[in-house]
Amino acid sequence: MNIGPLFFTAPALLLALLILPVLWVLLRAVPPAPIRRLFPAVSLLVGLKDNDSSSDRTPWWLLVLRSLALAAVIVGLAGPVLHPTSKTNESRERLLILLDASWASAPDWQQRQDFLAGVLQQAAANSRAVAVLKTTRPDTTVFQPAHIWERRLAGLQPDAWEMTASEAVTANLPDGRFDTLWLSDGIAREGQNDLLALLEARGTVEVAEGSGPLLVLSLPPQNMEGVKLTLHSLQRAGARDLVVQAIGPDPAGVERILEEKNVRLDAGEYETSVQFDLPLELQARVTRFSIKGQAQAGAVVLTDDSLRQRDIALVDARTNREGLELLSPLHYLEKALVTSSKLRFGSLDDVLLVPPDVVIMADIAELTEAHETALIDWVTAGGLLVRFAGPRLAASEVSRTTEDPLLPVRLRAGGRFVGGAMSWGAPKSLAPFERGSPFFGLSVPDELRVTAQVVAQPDPQLAERVIARLSDGTPLVTRKTLGQGEVVLFHISANAEWSNLPLSGLFVRMLERLSIARSTTSLDQSEMVGTLWKPVKALDAYGRLQDAKNLTSVTGDRLLSERTKADLPPGLYEGPGRRIAKNVIDPERRLERTDWPPHIATTGFDGPTERPLGGPLFGFALLLLALDVLATLFLSGRLRQSGVALLALALLTTAHSAEAQDSANPISATRELALAHVITGNTQADDIALAGLSGLSNTLFFRTSVEPEPPQSVDLERDEIAFYPLLYWPVTPDQSTPSEAAYLKLNSYLRAGGMILFDTRDSNVAKFGAASPAGQALRRLAAQLDIPELEPVPEDHVLTRSFYLLQDFPGRHMGHDVWVEAAPAEAVQAEGMPFRNLNDGVSPVVIGGNDWAAAWAVDGRGAPLLPIGRGLAGERQREMAYRFGVNLVMHVLTGNYKSDQVHVPALLERLGQ
């Protein structure tokens, strides 16, 4: 039942408020009013004082006080809730939560989870069965108690695609009647109204959706004038200033913001364009565009080979480019590539000074030894050499008896011409491209004809190197791998003398498939049929790019025609000769906001927070009852003595609490193990250190028998450090040097078996940090400590196997050198023993610069606080950092017992003697 913003889970109990008038009458009648009589002898009592007095009638204000206390109890028992999350909880029907867990719900996903938590709490209070159905991953719907879904709530995460076909959702709807709470992402889709009508036929439907602005980016077909993006808003709003970023790696491989564009979306506008005019070198590095501050996949546009202009060098045998252009071996190549690539002309000496992506040589047969060596080195390093035949190559002796390293096959002398000694009856057409060829899927026009070619000699490897054939089976294009690069030979000339292929659009498509050019037009559906594309990067709902190791390949026609879904997620796909980006928003699509019917109740996630009032009302009732006690004591005249006793009791309780509080920290520190970090004075470093030790403590609790207390922050000047087996000391350049008293405390701590983990957090750039600011601070801070001789952690050190088997010790950085106490000279490896007999002590210090606390750090919910690395590789790095932390703590607590285990056979043999 609702009364304005109040909702009552047990409204029937409100009927008890009707007894309040009856209670008023009863309280007014007890005690009974005295009977007044004239009695002359009462004058004898004048002047006497009666210590025990009672009121002749209960005061009205005391009656009001007691009535309010009783009313507060009754209303509290009725289960009042201020601003209830959902009206559907008024019903007793089963509750279906239909969850649009798409990328559009990612920006306010935490609000959605909080909203769902309130809904599930109300459903649990009403003993309602609940089922959750994700429209992005529809599955069999099972109704379960609400408290089970409360435990699963944290595992519900948004997907990087939208609702699948409404038929798939309809097929998984439960039978019978149920109410529906639809958590919509606000995007209108086909079939949505039909699904809504079906849900209304089963019960009450309520919709909850976010109200924040939803902005998306798309990449329409491009011309050669920079990169033009389209920014679209789902809602009309006031004028907004936005920032669109171009992101990619710098020359060192570190991902950075390469360019930013400020965009203004005027009031009432839905759409605007964003133009990036980047240098070709910078444009080639862009991996994605994104809207700043929009943590969702729709605000990200991934780029692929279609935005990259490759640097191509065209080389022919002529010393100059004068003469008939139509007869030039490079004329048709230049026309095919000029709009899509950066072309260079010149000799091999010139073009190899700045290595290009591709070198195309047209009818060049003989090469000098220097040119051949330079080309081989360039191709081996990853270059692509494309050669075209011609009269010179056909007449030369190159690659006749032995295969030339810069040709994929051996060639027959003279070539093959119509009307020659090896004459064809008629010009030959091209055979369809075979599966496995980079040209597979391209359609071959019937009018293409070849009148001459250089012929490959038979060879055992010839069949696997042919990637295009003529209709009679002779090779048209061959290819081989040379180091990390490739060598490709077109067995025809680059001009129209031997074939009309250079005059066709297929010629450009073939070059594109060889990763030479980028197409200025969209891919054709027919050429994608039959091709397989493997996902290499996947985009999650929050717009983060991650490795796609476990995703299966998809066919080319699906990649081009279908929208993103569970088995076709957005990301980068690699196929024949190129990479294709599958983005969330298709260029031709325009998003529209869902227009719900007027009779559908809608609510938002950013309204007033739901607040149960039962507890506050019970507390209010107790306060009124306490006031009632005081009022009764006051009326009876006994408030003075009782007040003194109550005040004394309050003072004793406060003193006892203060004493307990003062002694709580040292007692708890000695009762249970706790980790600690040294306070540096740098707020950011100290907060990360504390969060890091919290994450490490949680890991120890769940994975080992160690159950540490929450970590502590230690001030070396004031706090006792003997209680903590491990001190984490993040080194900051401006950290002050401890006092002599603090150094005495630290040296005593180290001699007693404690360990200090010094972390310069600089990735150990100076090999022990001598030249970095943090390294210099470490030398200053450690100068007065009794630190033994150190060495990098050897392979057989106990730290590498005290719990996990480790080879390196990453944190937020991947530095390798971690320094520990050097092993004694007598610690030699015995024959047949895998490890040395190390001493039983624990290294008093461990020094490194991998910023372990940043990798361990978690927030209040236990989620990682800081990003580590990239994608799944970063999470693997975080896991290895946790393992190092576990090994470190186990080494501190157990010493080098794992070294002693190798001596167990010898000890048993001695005991037997």
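If you use the numbering used here, the sequence shown corresponds to residues 1222 to 2134, in order. Each residue gets a CB set at the ideal place from its N, CA and C atoms; glycine is no exception. Bear in mind the structure is a predicted one, so any value in this text is a computation, not a measurement.
{"Query": "Secondary structure, beta strand (DSSP E): runs of 3+ residues fully inside the segment 1511-1595", "Result": "1521-1523, 1532-1537, 1563-1566, 1579-1583"}
{"Query": "Beta-carbon spacing of residue 2107, residue 1920 below 8 Å", "Result": "yes"}
{"Query": "4-residue-minimum alpha helix (DSSP H) runs that sit fully inside the segment 1377-1450, ordered along the chain", "Result": "1387-1392, 1413-1423"}
{"Query": "Segment contact, 8 Å Cβ cut-off, at least three pairs: the segment 1658-1673 with the segment 1593-1604", "Result": "no"}
{"Query": "For residue 1439 and residue 1495, believed in contact at Cβ under 8 Å, the rounded distance", "Result": "That pair is no contact at about 10 Å."}
{"Query": "Segment limits, alpha helix (DSSP H) that includes residue 1713", "Result": "Careful: residue 1713 lies outside any alpha helix (DSSP H) and carries neither H nor E."}
{"Query": "N-terminal and C-terminal residue of the beta strand (DSSP E) that residue 2041 is part of", "Result": "2040-2042"}
{"Query": "Extent of the continuous alpha helix (DSSP H) run through residue 2112", "Result": "2092-2115"}
{"Query": "Presumed contact (8 Å Cβ cut-off) between residue 1510 and residue 1551, rounded CB distance", "Result": "Wrong, their Cβ atoms sit about 35 Å apart, outside the cutoff."}
{"Query": "Three-state class that DSSP yields for residue 1461 in the structure shown", "Result": "strand"}
{"Query": "Where residue 1237 sits in the DSSP three-state scheme", "Result": "helix"}
{"Query": "Candidates 1949, 1555, 1354, of which the one nearest residue 1723 by Cα", "Result": "1555"}
{"Query": "Cα-Cα separation between residue 1281 and residue 1288, rounded to whole angstroms", "Result": "10 Å"}
{"Query": "Validate contact between the segment 1789-1809 and the segment 1395-1413 using beta carbons, cut 8 Å, 3 pairs", "Result": "no"}
{"Query": "Alpha helix (DSSP H) runs contained entirely in the segment 1931-2011, provided each spans 4 or more residues", "Result": "1961-1972, 1994-2003"}
{"Query": "Candidates 1447, 1474, 1486: closest to residue 1464 by CA position", "Result": "1486"}
{"Query": "CA-to-CA distance, residue 1780 to residue 1790, given in whole angstroms", "Result": "10 Å"}
{"Query": "Neighbour-count burial assignment, residue 1256, 16 or more Cβ in a 10 Å radius", "Result": "exposed"}
{"Query": "Residues bridged to residue 1366 (per DSSP)", "Result": "1350"}
{"Query": "Segment contact flag, the segment 1937-1945 with the segment 1896-1903, C-beta cutoff 8 Å, min 3 pairs", "Result": "yes"}
{"Query": "Among 1341, 1796, 1766, nearest to residue 1805 - alpha-carbon criterion", "Result": "1766"}
{"Query": "Contacts around residue 1705, its chain only, beta-carbon distance under 7 Å, and the 5 residues preceding and following it disregarded", "Result": "1601, 1602, 1603"}
{"Query": "Residue 1754, enclosing beta strand (DSSP E) - first and last residue", "Result": "1753-1760"}
{"Query": "For residue 1294, the first and last residue of its enclosing alpha helix (DSSP H)", "Result": "1281-1298"}
{"Query": "Through-space distance from residue 1328 to residue 1517, alpha-carbon basis", "Result": "6 Å"}
{"Query": "Assigned secondary structure, residue 1618 (DSSP; H/G/I helix, E/B strand, else coil)", "Result": "coil"}
{"Query": "Cβ-based neighbour list, residue 1345, same chain, cut-off 8 Å, excluding 5 preceding and 5 following", "Result": "1366, 1367, 1368, 1371"}
{"Query": "DSSP three-state assignment for residue 1850, whether helix, strand or coil", "Result": "helix"}
{"Query": "Residue 1236 beta carbon less than 8 Å from that of residue 1229", "Result": "no"}
{"Query": "Contact under 8 Å by Cβ, residue 1674 with residue 1719", "Result": "yes"}
{"Query": "Extent of the continuous alpha helix (DSSP H) to which residue 1923 belongs", "Result": "1904-1924"}
{"Query": "Residue 1581 vs residue 1619 beta-carbon contact at 8 Å", "Result": "no"}
{"Query": "Segment limits, beta strand (DSSP E) that includes residue 1766", "Result": "1766-1768"}
{"Query": "Nearest residue (CA-CA) to residue 1906, options 1934, 1922, 1472, 2020", "Result": "1934"}
{"Query": "Residue range of the unbroken alpha helix (DSSP H) whose run includes residue 1782", "Result": "1777-1782"}
{"Query": "Assumed close pair residue 1811, residue 1453 - CB separation to whole angstroms, cut-off 8 Å", "Result": "7 Å"}
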